[in-house]
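Chains A and B, in that order, are what the protein sequence lines are. If you're matching positions, the first sequence starts at 11 in the numbering used here and goes up one per residue. If you're matching positions, the second sequence starts at 45 in the numbering used here and goes up one per residue. For every residue, glycine included, the Cβ atom is placed at its ideal position computed from N, Cα and C. Data first, discussion second: the structure below is written as structure tokens.
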Amino acid sequence: MAGERAGRFLLRRLAHAIVLLVCIVVLDFILLHMAPGDAADAMAGEAGTADAGYVAQLRTRFGLDQPLPVQLGLYMWRLVQGDFGFSFHYGEPVLTLILERLPATLLLMLASIGMAVAAGIVLGALSARFAGSVLDRAIGMVTLLFYATPLFWLGLMLIVVFAVRLGWLPAGGMTDAAAPGTGLRHVVDVARHLVLPALTQAAFFLAIYTRLVRASMIEVYHADFVRTARAKGLGETRVAFRHVLRNALMPLITMVGLNLGSVLGGAVLTETVFSWPGIGRLMFDAVFQRDINLLLSILVLSSVFVVLANLAVDLLYVLVDPTTEPA
Amino acid sequence: MRPILSRPGHGALAVGGAILLVLAAMAALADVLFPEDPLAMVARPLLWPGTAPGYPLGTDSLGRDIAAGIVHGARVSLGIGFVAATAAVLFGTLVGALAGFHHGRVDDVLMRFCELFQAIPQFMLAVVLVAIFQPSILMIVVAVATVSWPAVARLVRAEFIVLRERDFVLGCRAVGMPEWRIMLTQILPNAAPTIIVSASILVATAILMEAALSFLGLGDPNVLTWGMMIGMGRDQIRVAWYIVAIPGVALAVTALGLNLLGDGLNTLLNPRTRPR
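Below, the structure is given as structure tokens:
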């Protein structure tokens, strides 16, 4: 019974995700059309010719002279086939460019989310356990500060302190170009370059997760089963970690899923500050090369990633709790 | 009676309010305090803070007065933050109220629309909007508002769903009050605390987002903003880090003030956290 219900729930979420993806592509198509100049203009410009005949020929070739709904259909068909167009600036298909940069961004996201979640759980649990104490207030103040600090500025200040002043860590890039290594040396090299951008990116989310874990743990502390656990004679530490924290983690999972889009958005800033060779940096470059197609493709693929990741969160939910019903 | 500042919520409210008052005064008096154009080169470049009389915060690499930049930047930051947040709150409240009040199909359609904007990475969408339509103050306001309204819509919807089942609303329906009047005069005032709290946080988010866009070079080139100052100071970070540090502190203090204000208001207005 529970399995059937979970299956139905997942199917509904899947249908939901597909509708959302179609909407994203339509919005993207609208934005593409609102941008000054179309793909034919861009190509003619790159080819160094403004010959009207050539532009018209390009328009026919790419279906740009068709009515809008037909163009939308053609556009969707191309995207489904993985054809996101060609970037003349880089001389490569847009999809290849994005996929090349994806691992760097994923690594940064994983490291920063991991750091934020781990620290958020520890700080949130401490805050909740000692609610109202000096420690709780201190943690509250620090998280509020992190929440208010612009992350691109925090990144620059970390560079000033740890790269310029102390010289402990590199100021940017993903590897040391002067001393390329392989195997373990390469791993250590990338890890050293990862520390500052991941810390920068983690600070903001750490603040959110700490507050969330604190709030949901305090709520769970009032639940009947916690009183029962205490009545059984369990120690406070055991109650906190085995009973309260475990039950307070569901909202955290949801929040991490919801935040993926913000993490990707933040990556544009972090990767720009630290010259991290990921999608965010690619987006920044695309803005200044006026590569509208590349820009919008990054937006679409990032959104697709967020939708799929949230589908995965739903799946996780079902695995953890088979009675899950959509909220 | 306990002193005012020790009551829960009052401390945060007082500190947040004081920070905002100072900033508002700075913004209002910018032309009096620093009548010169903040983009004008007025002194030797790269004067460190506290080393030259008349330039307490020093000068940047082009010899522009950083103190003037901070004061004039306050006007732009607060202005854009407030206008963008107001637009997002108005639109978000409208969508959330309609969705929460009507439920069913209207709710479904509006919430899908809302989800669409939540699935797209917000900051990336803001970057794309400003990049496509050319950076200007108006475009930045539109971009920030476009990506900020869904959070308000969800909050307002949740409030409306709870409130529309309450007895006083059912009573109004029974006596035949038009729906728009019930929404506007009965439910909205009761949802106001939630909206006010989220608005103050939204102003902070809007200010930070504007700063981030300006930092990336997507700000209005005709006005000096804190984000732009940070972006322009980036190249000198090894020799003159204060150029980047000072506007960043201004931004963080502003966002902190608004968040404290939001927290304080939340403690006072939210019945669940209100001190008894």
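Exposed unless 16 or more other CB atoms sit within 10 angstroms - verdict on residue i
i: Val76 (chain B); result: exposed
i: Glu209 (chain B); result: exposed
i: Asn266 (chain B); result: exposed
i: Thr153 (chain A); result: buried
i: Ser143 (chain A); result: exposed
i: Gln91 (chain A); result: exposed
i: Trp163 (chain A); result: buried
i: His253 (chain A); result: buried
i: Gly290 (chain A); result: buried
i: Ala201 (chain A); result: exposed
i: Glu80 (chain B); result: exposed
i: Glu203 (chain B); result: buried
i: Asp75 (chain A); result: exposed
i: Thr247 (chain A); result: exposed
i: Leu274 (chain A); result: buried
Distance CB(residue i)-CB(residue j) smaller than 9 angstroms
i: Cys33 (chain A); j: Leu160 (chain B); result: yes
i: Thr298 (chain B); j: Ile231 (chain B); result: no
i: Leu90 (chain B); j: Gln280 (chain B); result: yes
i: Val317 (chain A); j: Ala27 (chain A); result: yes
i: Pro291 (chain B); j: Gly261 (chain B); result: no
i: Ile287 (chain B); j: Ser105 (chain B); result: yes
i: Pro179 (chain B); j: Gly263 (chain B); result: yes
i: Leu246 (chain B); j: Val133 (chain B); result: yes
i: Leu41 (chain A); j: Leu268 (chain A); result: no
i: Pro207 (chain A); j: Ser122 (chain A); result: yes
i: Ala112 (chain B); j: Phe78 (chain B); result: yes
i: Val297 (chain A); j: Ala187 (chain B); result: no
i: Thr10 (chain A); j: Ala277 (chain A); result: Absent from the structure is residue 10 (chain A), since the part of chain A shown begins at 11 and ends at 337.
i: Asp301 (chain A); j: Phe94 (chain A); result: no
i: Thr220 (chain A); j: Leu168 (chain A); result: no
i: Pro82 (chain B); j: Leu268 (chain B); result: yes
i: Val127 (chain A); j: Val36 (chain A); result: no
i: Asn303 (chain B); j: Ala236 (chain B); result: no
i: Leu166 (chain A); j: Ile149 (chain A); result: no
i: Gly144 (chain B); j: Ile205 (chain B); result: yes
i: Gly301 (chain B); j: Leu138 (chain B); result: no
Where residue i meets chain A, residues with beta-carbon distance less than 8 angstroms
i: Arg156 (chain B); result: Val29, Leu30 and Cys33
i: Gly107 (chain B); result: The premise fails here: Gly107 (chain B) is roughly 22 angstroms from chain A at the closest Cβ pair, so nothing lies under 8 angstroms.
Sequence-distant residues of its chain with Cβ nearer than 7 angstroms to residue i (five each side left out)
i: Leu311 (chain A); result: Ile108
i: Gly182 (chain A); result: Phe284 and Ser285
i: Leu31 (chain A); result: Val314 and Val317
i: Phe294 (chain A); result: Val278 and Thr282
Residues that residue i contacts on chain A, provided the C-beta gap is smaller than 7 angstroms
i: Leu252 (chain B); result: Pro160
i: Glu159 (chain B); result: Leu30
i: Phe259 (chain B); result: Phe162
i: Arg278 (chain B); result: Leu166
i: Val172 (chain B); result: Leu41, Leu305, Leu306 and Leu309
i: Trp285 (chain B); result: Val170
Cross-chain neighbours of residue i in chain B, by beta carbon under 8 angstroms
i: Tyr327 (chain A); result: Result: empty, since nearest Cβ-Cβ is about 17 angstroms, beyond 8 angstroms.
i: Val316 (chain A); result: Ala163, Ile164 and Pro165
i: Ser272 (chain A); result: Pro165, Gln166 and Phe167
Where residue i meets chain B, residues with beta-carbon distance less than 7 angstroms
i: Phe45 (chain A); result: The amino acid occupying residue 45 (chain A) in the given sequence is Ala; Phe does not appear at that position. Going along chain B in sequence order, the residues near Ala45 (chain A) (Cβ under 7 angstroms) are Ile176.
i: Phe140 (chain A); result: Per Cβ cutoff of 7 angstroms: no residues; Phe140 (chain A) is ~17 angstroms from chain B at best.
i: Met125 (chain A); result: The premise fails here: Met125 (chain A) is roughly 20 angstroms from chain B at the closest Cβ pair, so nothing lies under 7 angstroms.
i: Gly275 (chain A); result: Pro165, Gln166, Phe167 and Met168
Contacts around residue i, its chain only, beta-carbon distance under 6 angstroms, and the 5 residues preceding and following it disregarded
i: Val205 (chain A); result: Leu179
i: Leu295 (chain B); result: Ala255 and Trp270
i: Cys216 (chain B); result: Ile226 and Gln230
i: Glu281 (chain A); result: Gly288, Gly290 and Arg291
i: Ala129 (chain A); result: Leu216
i: Leu57 (chain B); result: Gly308
i: Arg318 (chain B); result: Because the pLDDT at Arg318 (chain B) is just 49, under 50, the model does not fix this residue reliably, and the value given afterwards should be weighed accordingly. None.
i: Tyr157 (chain A); result: Ala217
Cutoff 8 angstroms; reference residue i; Cβ partners in own chain excluding five residues on either side
i: Pro336 (chain A); result: Residue placement at Pro336 (chain A) cannot be trusted, given a pLDDT of 45 that sits under 50; the coordinates are not used to answer.
i: Ser242 (chain B); result: Val133, Ala195, Val196, Leu199 and Gly306
i: Met85 (chain B); result: Leu106, Gly107 and Arg108
i: Val185 (chain B); result: Ile124, Val127, Ala128 and Ala131
Listed by chain order, chain A residues near residue i by CB distance under 9 angstroms
i: Arg201 (chain B); result: In chain order: nothing, as chain A lies at least about 12 angstroms away.
Partner residues on chain B for residue i, Cβ-Cβ distance less than 9 angstroms
i: Ser307 (chain A); result: Neighbours of Ser307 (chain A) on chain B: none; closest Cβ ~11 angstroms, over 9 angstroms.
i: Arg132 (chain A); result: Correcting the residue type first, residue 132 (chain A) is Val in the shown sequence and not Arg. Those within 9 angstroms of Val132 (chain A) in chain B number zero; the least Cβ separation is about 22 angstroms.
i: Val278 (chain A); result: Pro165, Phe167, Met168, Val171, Ala256 and Leu260
Review point. What runs of the alpha helix (DSSP H), each 4 residues or longer, lie entirely inside the region 213-294 of chain B?
Key: Secondary structure remark: continuous alpha helix (DSSP H) runs of at least 4 residues inside the region 213-294 of chain B, in chain order: 232-259 and 270-277.
Review point. In chain order, which continuous runs of the alpha helix (DSSP H) of length 4 or greater are located wholly inside the region 136-194 of chain A?
Key: Counting only runs of at least 4 residues, the region 136-194 of chain A fully encloses the following alpha helix (DSSP H) elements, listed from N- to C-terminal order: 144-158 and 161-168.
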